[in-house]
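When the count follows the working numbering, it moves up by one through the sequence shown with no breaks and lands on 375 for the last residue.
Every residue, glycine too, gets a C-beta built ideally from N, C-alpha and C.
Here the structure is a predicted model, which means the values were calculated and not measured.
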Amino acid sequence: MRALRAFLVLFLFSAFLPAPAHAENLITLSQPAHQLADGRYINDDLATSLKPGGELDKTLSSRVRGSRTWLIDPSLLEEINDLADGYTYIDAQGADIAVDEFPIASDWLSLLRFISRNDRVVALTYGSPHIAYLQKYAPGELVLYNQLSKVRLEEILGREVSAPSTTVSSGKPAEVAKNSYTAMRKKVRVINSLVTTKDVETLRLGLAKTLNPNLSRQNAVAITRSYLAEVKRFGQRLRVSSGNYTITASRYELPVTVINGFDQLVSVDLDLSTTNSRIVVKQVPRITLTPNSQVQIKVPIEVIASGDTALRLQLRTPQGSAIGEPARIPLRLAVISPVTTWFTTGMAIILLLAAIVQSVRRVKRRRNHE
C-alpha cells in the first residue's frame with residue numbers, strides 16, 4: 006500500500022514538472038566562394054550540391070526537430086540565386102561552359118525561406134573571411150561587412166535576421182589573398198567614397214571572399230586574381246583620356262576629356278604636373294560629371310621652350326585621395342616661346358646698335374683724315 010502511495014505521489018509530481026526543452030540545433034549554410042569577380046563560376050560544384058543527393062540538398066531535406074538557429078552566409082545565397090537564370094562555369098580544361106537556366110536554385114531558395122520562416126536566422130560575415138585577420142588589419146572593413154551582411158541576407162530571405170556575432174575562424178587565409186587584400190581594399194574604399202552604387206558595394210564586399218581560410222590554394226589564387234582585375238577595371242571607369250599633341254602656339258588651351266563610367270553623379274579634382282620645365286600649366290576647377298558621361302575641359306598651358314615634355318594628370322577625390330592610375334599625355338612643343346623671342350629680339354637690337362656705333366666711328370675717322 007505504501008509503495009502504491011509513493012508511486013502515485015511520484016507520478017503526480019512528475020506530471021506537473023515542465024517538459025524537458027529540446028536542445029537548440031545550429032544549422033550552418035556556408036561554403037568557400039565558387040564565383041569569380043566577373044560572375045563566372047570556378048567549377049560546377051555549387052550547382053551539383055543543390056541537385057538531389059547533394060550536400061546543400063541534404064541540408065534542407067533532413068528536417069531537424071526542435072528549436073533551430075540558422076547561421077547563413079549571404080554570399081552563398083547570392084551565388085545560388087545567380088545560378089537560377091543561367092550561369093557560366095569553367096570546366097577542367099579551362100573552357101567556359103554556359104548553362105541557360107537552373108531552376109533547382111530558385112526552388113532550393115524558396116524551400117529555405119519556407120522551412121526557416123519560424124526559426125531564428127543569424128547572418129554570418131559576408132564570404133566567411135578569417136575574422137581574426139580582419140580584426141587586426143581592417144577592423145573598419147569588418148564592421149562594414151557585418152552591417153551589409155545583415156542587409157543582404159534580409160533582402161534575399163525577405164525577413165528580418167540577426168546581425169553577425171563574433172566568431173573564431175580556424176585556418177589562415179591564403180598568402181596570395183593576404184598580399185593583395187590591403188591594396189585592393191584601399192582602392193575600392195576611395196571609389197566607394199565617391200560612388201555608392203550597388204555594384205561598388207558588391208565589389209567591396211566581395212574582397213572578403215578572398216580571405217576565406219577554407220579556400221583551396223588554387224581557388225584562392227583564381228578568386229584573388231579575378232578581384233585584382235575587377236578593382237583595376239572599376240578604377241578605370243573614372244579616367245582621363247590620353248593622346249598625343251603638338252603645340253605650335255606659346256599659349257594654348259589643351260583639350261582633356263574626363264570620363265565617368267558610373268551610374269552616379271561624381272565630382273573630382275584634376276591634379277596636373279609636368280615632367281620638365283618647358284611648359285607652365287595652370288590648375289583647373291573641380292569637375293562634376295553626370296552619370297555615364299564625359300566632359301572636355303581646357304587646360305591652360307604656357308610654353309617656355311620648344312622640345313618634348315609630358316603632362317601628368319591624376320584624378321583625385323575632393324579629400325585628395327588618388328583615383329586609379331595617373332594618365333600621361335606626351336607633348337611636342339614646336340613654338341618659339343616669348344622668352345626666346347625676347348632674347349632673340351634683344352640680341353638683334355644689341356647687334357643693330359653695335360653696327361650703328363661702328364658706322365658712326367667709321368664716319369668720324371674719315372672726317373678726321375680729311
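- Counted as a single uninterrupted DSSP element, the stretch harbouring residue 319 is not any alpha helix (DSSP H) but the beta strand (DSSP E) occupying residues 312 to 321.
- For residue 114, the enclosing alpha helix (DSSP H) begins and ends at 108 to 120.
- With a threshold of 16 other beta carbon atoms within 10 Å, residue 133 meets it and is buried.
- In the three-state reduction of the DSSP assignment, residue 229 falls in the helix class, which pools H, G and I.
- Residues 308, 340 of the same chain have their beta carbon placed closer than 8 Å to that of residue 254, with the five preceding and five following residues left out of the count.
- Residue 323 is a Cβ neighbour of residue 272, given a cutoff of 8 Å.
- A Cβ-Cβ distance of about 7 Å is found for the pair residue 157 and residue 83, placing them in contact under the 8 Å criterion.
- In this structure, the alpha-carbon of residue 293 lies about 14 Å from that of residue 261.
- When secondary structure is reduced to three states using DSSP, residue 265 falls in the strand class.
- Here residue 334 carries a strand assignment [DSSP, helix/strand/coil].
- Shown here for residue 143: same chain residues with a beta carbon closer than 7 Å to its own, the five before and five after excluded, namely 190 in chain order.
- The beta carbons of residue 154 and residue 130 sit closer together than 8 Å.
- When DSSP states are grouped into helix, strand and coil, residue 101 belongs to the strand group.
- Remark: C-beta atoms of residue 300 and residue 263 approach each other more closely than 8 Å.
- Per DSSP, residue 280 lies in no alpha helix (DSSP H) segment and is marked neither H nor E.
- Residue 234 sits exposed, since fewer than 16 C-beta atoms from the chains shown fall within 10 Å of its C-beta.
- Residue 30 and residue 194 have their alpha carbons spaced roughly 38 Å apart.
- Under the three-state reduction of DSSP, residue 238 is assigned to helix.
- In the DSSP assignment, residue 294 falls within the beta strand (DSSP E) that extends over 292 to 294.
- For residue 187, the uninterrupted alpha helix (DSSP H) segment begins and ends at 180 to 199.
- Taking all protein chains shown into account, residue 251 has fewer than 16 neighbouring C-beta atoms within 10 Å of its C-beta and is therefore exposed.
- For residue 63, there is no enclosing beta strand (DSSP E); the enclosing alpha helix (DSSP H) has its first and last residue at 60 to 66.
- The DSSP-derived three-state label of residue 222 is helix.
- Going by beta carbons, residue 48 and residue 94 fall inside the 8 Å limit.
- Between residue 127 and residue 167, the gap from beta carbon to beta carbon is short of 8 Å.
- For a cut-off of 8 Å, the C-beta gap from residue 215 to residue 196 is around 17 Å, too long to register as a contact.
- For residue 52, the enclosing alpha helix (DSSP H) stretches over residues 50 to 55.
- Here DSSP, grouped into helix, strand and coil, assigns residue 308 to strand.
- It is roughly 35 Å from the alpha-carbon of residue 85 to the alpha-carbon of residue 295.
- Within the stretch 136 to 160, complete beta strand (DSSP E) segments of at least 3 residues are not found at all.
- Scanning its chain for C-beta atoms nearer than 8 Å, with the 5 sequence neighbours on each side dropped, one finds around residue 240 the residues 192, 196, 328, 329, 330, in chain order.
- Within the same chain, 39 come within 7 Å of residue 50 by CB-CB distance, once the 5 residues on both sides are set aside.
- By the CB criterion at 8 Å, residue 266 and residue 242 fall inside the cutoff.
- Annotation: residue 320 to residue 270 spans about 15 Å, alpha carbon to alpha carbon.
- Counting only the Cα atoms, residue 183 lies some 11 Å from residue 135.
- A residue is called buried once 16 or more other Cβ atoms fall within 10 Å of its Cβ, and residue 285, having fewer, is exposed.
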